[in-house]
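Respectively, the protein sequence lines represent chains A and B. According to the numbering used here, the first sequence is numbered sequentially starting from 1. According to the numbering used here, the second sequence is numbered sequentially starting from 1. Have a look at the structure below before the remarks.
Protein chains: 2
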Amino acid sequence: MKRRTFFKAGAAATAALASTSLLANTPRKLRLASSWPKNFPGIGTGVERIAERIKVLSNGTINVQVYAAGELVPSLEVMDAVSAGSAHMGHTSSYYAIGKNPAFNFFATIPFGMTANEHYAWIRYGGGQQLWDELGAEFGVKPLLAGNTGPQMGGWFVKKIDDAEDLQGLRLRYPGLGGELLRHLGATPVNIPGGELFTALQSGTVDGVEWISPWNDLAFGLQRVCKHYYYPGFHEPGHGFALYINLELWNSFSKEEQAIIAAAAEVENSAMLGEYNAHNQSSLEQLIKEHEVQTHKWPEDILSRLAAIVDDVIADDAARDPFAKKVYESWKSFLDSQKQWAETADIPYLAIRK
Amino acid sequence: MKRRTFFKAGAAATAALASTSLLANTPRKLRLASSWPKNFPGIGTGVERIAERIKVLSNGTINVQVYAAGELVPSLEVMDAVSAGSAHMGHTSSYYAIGKNPAFNFFATIPFGMTANEHYAWIRYGGGQQLWDELGAEFGVKPLLAGNTGPQMGGWFVKKIDDAEDLQGLRLRYPGLGGELLRHLGATPVNIPGGELFTALQSGTVDGVEWISPWNDLAFGLQRVCKHYYYPGFHEPGHGFALYINLELWNSFSKEEQAIIAAAAEVENSAMLGEYNAHNQSSLEQLIKEHEVQTHKWPEDILSRLAAIVDDVIADDAARDPFAKKVYESWKSFLDSQKQWAETADIPYLAIRK
């Protein structure tokens, strides 16, 4: 528990916020730093919808100005900016902060872990939000779930992957524990912002990348540099995005203002997922028919090796920090129960619907 | 298109609302008629949460009083009450109104149809809301999605069912198209309100019932009269509940008021699903361990017969009304695309996670 970090962040935030008098005045004008390119489908438009929803629900008394990645702060430093008070809010992935604490992984997505609905259920009814609040408070931010991708694709590769041997020595853009898993199979995981994926692939800086799913990947033009597209997304079964609010600011809000921001985030959590679901299949067909993309199920050799090590990789990573271990235990127990329910509910239903 | 019904409902609504001056005054006091027993887990508590959320988001200017099934109107007549203006809002299932138009089925749930996430995606991004608005306007109501059960269990039976022969002549409480399917296999479907299921089973009025899933079914005590519990819920893969608002009243709301009610409903749409997901597995274990309930996968004989006829049963039912046919076509095209995406996304992911 890094109390020093907390007090430092808290003090910086108070100073920054006091300078613009945001703690007292209305209408409030809030700066939201996003990790995504401007108006990017799904996550980008989702952030704009959050801002618009807050404005309408507050009858114009809370105005949120969205800044795309790089406009206010770099994509991967959004939480830091909210923590320090240079942005009032931020929309980002929790797992960009795993350098600070591995516990952040659990609030984004975990390989072989929870689907979007299960993740939401854990956050809201399984104790997840309390743990996330506790972690966020260490860094001076209030976290809220604010978007989910649903099941992702497994990623893009310049060269076809036939077995684990083909992964040896590859430089792959897989953030979080997905990358950690691939490291165990001999690859070198790196993290670079979404907006730089195309260039990184084109220049040969990386040999493969994961991004999201067909609708988003098509928009980035990844099909122009890669033709091999793998599934399922073992590494990200449903990425939950975070809306962070500077904690001092959050605590200064009225109950109504907090409810407005929480509702705007929570509506987006399902709206974004709905938008991905509505667009993915037609985008996938476009990738295959118009761009000669080949989809491949991950080779069994790779899937079975990953499945064999994933539990240990997750547990070992969490064991690096006592709080992360506590989060892991809550998460794991909830996941086990969800997996059992899926055996009675989702899995047999989807099987008979074919 | 029953224009006469619309004008009649509209006139009645205006009269009823004018009498309590609700079109003009604030704070607004609104009566919400629910189809569910008081504080019943999931749907019952979900309605209370909608009311509470509206109150907080509106800073107390909109107060919603929830009336349980039978307190204001009977469970199955909630939409009629909202239509006529005797209730301002209602929380119910769309498919209780299929006697008025078979199109209502598509806004609740369809056998072998969409999951909760797919249904939401169709309503929000696939043209579903526009069609539902059009249908609702015929009856003087504005419809909003406001809760989902997720995949249901297949139902409770007093006697064990080994094949389709065992369904012959049984009286089964399966509303909507699930019941229609079972009729084709020789059963007699009936609809009775949820609150009367236990008594109906105990008195032998019915031989089997579907309700929701373990968490809710346990609360109703169905395990005390039935020991055979079937899965998967082929008939209701994700029941989407409706919040109806009297259309004249809805049109009188400000943009902010409409946004508040819409956000309160939309948050509940995922909150309720999360609550079911969080509780179902532990309730299922309780049913099995403490109440000697036996779970059975539906016999293959029954599943294959149902799968063989389901497309025709749905299409034929919708063909009874031109508007229902239009809804069916939108729904079917969206479902087909979702089924394909599930083959790449959900199904292979859930398979590797085992």
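All C-beta atoms in this analysis are idealised placements derived from N, C-alpha and C, irrespective of residue type, glycine included.
Here the alpha carbons of B:A116 and B:A219 stand approximately 22 Å from one another. The Cβ of B:V56 sits closer than 7 Å to at least one Cβ of chain A.
At a cut-off of 7 Å between C-beta atoms, A:G70 does not count as an interface residue with respect to chain B. Secondary structure at A:Y230: strand, using DSSP grouped into helix, strand and coil. When DSSP states are grouped into helix, strand and coil, B:M79 belongs to the helix group. Per DSSP, A:A262 is one residue of the alpha helix (DSSP H) stretching across 255 to 291. For chain A, the residues of the segment 255 to 271 of chain B that bring a beta carbon within less than 8 Å of one of its beta carbons are K255, E256, A259, I260, A263, A264, E266, V267, N269, S270, A271, in chain order. Taking CB atoms only, B:F104 has no neighbour in chain A less than 7 Å away. Against chain A, the beta carbon of B:F234 has neighbours under 7 Å at I352, listed in chain order. For A:A351, the number of other beta carbons within 10 angstroms of its own is below 16, and it is reported as exposed.
With its beta carbon at least 7 Å from every one in chain B, A:F241 lies outside the interface. Under the three-state reduction of DSSP output, A:N101 falls in the coil class, being neither helix nor strand. Here DSSP, grouped into helix, strand and coil, assigns B:W211 to coil. Contact between B:Q223 and B:V293 holds, with the beta-carbon distance rounding to 5 Å and staying under 8 Å.
Neighbours of B:D311 in chain A, taken as residues at a C-beta separation under 7 Å, are lacking, since the least C-beta distance is about 12 Å.
With a minimum length of 4 residues, the unbroken runs of alpha helix (DSSP H) contained wholly in the segment 145 to 214 of chain B fall at 176 to 184, 197 to 202.
Counting other Cβ atoms within 10 Å of its Cβ, A:G274 reaches 16 or more and is therefore classed as buried.
With contact defined as three or more Cβ pairs closer than 8 Å, the segment 188 to 201 of chain A and the segment 245 to 264 of chain A are not in contact.
In terms of Cα proximity to B:A84, the closest of B:P299, B:S330, B:Y244 is B:Y244.
Check the Cα spacing between B:G150 and each of B:G221, B:I288, B:F234, B:E290: the tightest is with B:F234. By the C-beta criterion, the segment 127 to 142 of chain A is judged to be in contact with the segment 71 to 91 of chain A, since at least 3 inter-stretch pairs fall below 8 Å. Here the alpha carbon of A:L335 sits roughly 44 Å from the alpha carbon of B:L249. For the segment 309 to 337 of chain A, residues whose beta-carbon sits nearer than 7 Å to a beta-carbon of chain B comprise S337.
If you draw a straight line from the Cα of A:F40 to the Cα of B:P74, it is about 48 Å long. A:E266 sits buried, since 16 or more C-beta atoms from the chains shown fall within 10 Å of its C-beta. The alpha carbon of A:A242 has as its nearest neighbour, out of A:N216, A:T205, A:W132, the alpha carbon of A:W132. A:Y96 and A:P322 have their C-alpha atoms spaced approximately 20 Å apart. Contact note: B:G126 reaches chain A through A278, using a C-beta cutoff of 8 Å and chain order. One Cα belongs to A:A33, the other to B:E71, and the distance between them is close to 49 Å. The alpha helix (DSSP H) runs lying completely inside the segment 33 to 69 of chain A and spanning 4 residues or more are 43 to 57, given in chain order. In terms of beta-carbon proximity, A:G179 stays away from the interface with chain B, with every pair separated by 7 Å or more. A:E290 counts as exposed, since fewer than 16 other C-beta atoms from the protein chains shown sit within 10 angstroms of its C-beta. Here DSSP, grouped into helix, strand and coil, assigns B:F334 to helix. Below 8 Å, enough C-beta pairs join the segment 91 to 109 of chain B and the segment 176 to 184 of chain B to call them touching: three or more. In this structure, A:S86 is the residue among A:W298, A:L145, A:S86 with its C-alpha nearest to the C-alpha of A:R31. At a Cβ-Cβ threshold of 7 Å, A:G195 and A:A69 count as neighbours.
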